[in-house]
């Protein structure tokens, strides 16, 4: 039981530090201090800082992918599908705002493993397919899917950073308007 507790402390501390400081500025001693464990304890669970960040990355991306796929309204309108994706993003951020950091890591980052890139590609394939189907239905602007993803996700992540910085108290009262603006940014207007 104690080992699980130490493991959880390491995971929580790592989430916070990687999200706040980034991968390169976070060290194992910092994680150990924040988790209130010895640095050697971290190495009992993870071979390196790279191994640790890849576990966090893969877990975060998999959880978000599962969240989106669960109850995805495949046979409903493109707008309903977007609503589902956006709400899943919002709920995921509320569950663990630090896990959101791992969704914005560039897949070309030097520390990501092939497994991590593959897990991310599964998520991106799903999201890109949504955009492609939306474009085929003439509902979504004909920009490349990675640009459309950046428009929606980038704006959402920035809003979450404002929440974290205390510039926005609680976006829950604004979430419908934020979703509407995000939809308006990507939908076809002709």
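Residue numbers (my numbering): 16 to 205. Heads up, the beta-carbon is just placed ideally off N, CA and C, and yes, glycines get one too. Keep in mind it's a predicted model, so treat the numbers as computed, not measured.
key: Residue burial classification, residue 91 (beta-carbon count within 10 angstroms, cutoff 16)   = exposed
key: Same chain only: Cβ atoms within 8 Å of residue 99, ignoring 5 sequence neighbours per side   = 83, 86, 87, 88
key: Complete beta strand (DSSP E) runs within the segment 46-132 (minimum length 3 residues, chain order)   = none
Stretch-stretch touch, CB-based, cutoff 8 Å, three pairs: the segment 180-199 with the segment 128-139 = no
message = I need the DSSP call for residue 2, collapsed to helix, strand or coil.
response = For residue 2 there is no data in the structure shown, the boundaries of the chain being 16 and 205.
inquiry  = Taking the straight line between their C-alpha atoms, what separation do you get for residue 188 and residue 115?
reply    = 20 Å
inquiry  = Here's the rule I'm using: 16 or more other beta-carbon atoms within 10 Å means buried, otherwise exposed. How should residue 69 be labelled?
reply    = buried
query = Since residue 164 and residue 134 are thought to touch, with beta carbons under 8 Å apart, how far apart are those beta carbons, to the nearest angstrom?
reply = Actually they do not touch by this definition, with Cβ atoms about 16 Å apart.
Own chain, CB closer than 7 Å to residue 203, minus 5 neighbours either side, in chain order = 153, 154, 155, 156
Cβ-based neighbour list, residue 148, same chain, cut-off 6 Å, excluding 5 preceding and 5 following = none
request  = Report the rounded CA-to-CA distance for residue 120 versus residue 205, giving the unit in angstroms.
outcome  = 34 Å
inquiry  = In whole angstroms, give me the CA-to-CA distance for residue 56 and residue 129.
reply    = 26 Å
request  = Determine the direct distance from the alpha carbon of residue 105 to that of residue 145, and round the result to whole angstroms.
outcome  = 18 Å
ask   = How is residue 190 classed by DSSP in three states: helix, strand or coil?
value = helix
query = When you compare only the Cα positions, how much space is there between residue 162 and residue 76?
reply = 19 Å
query = Is the beta carbon of residue 118 less than 9 Å from the beta carbon of residue 79?
reply = yes
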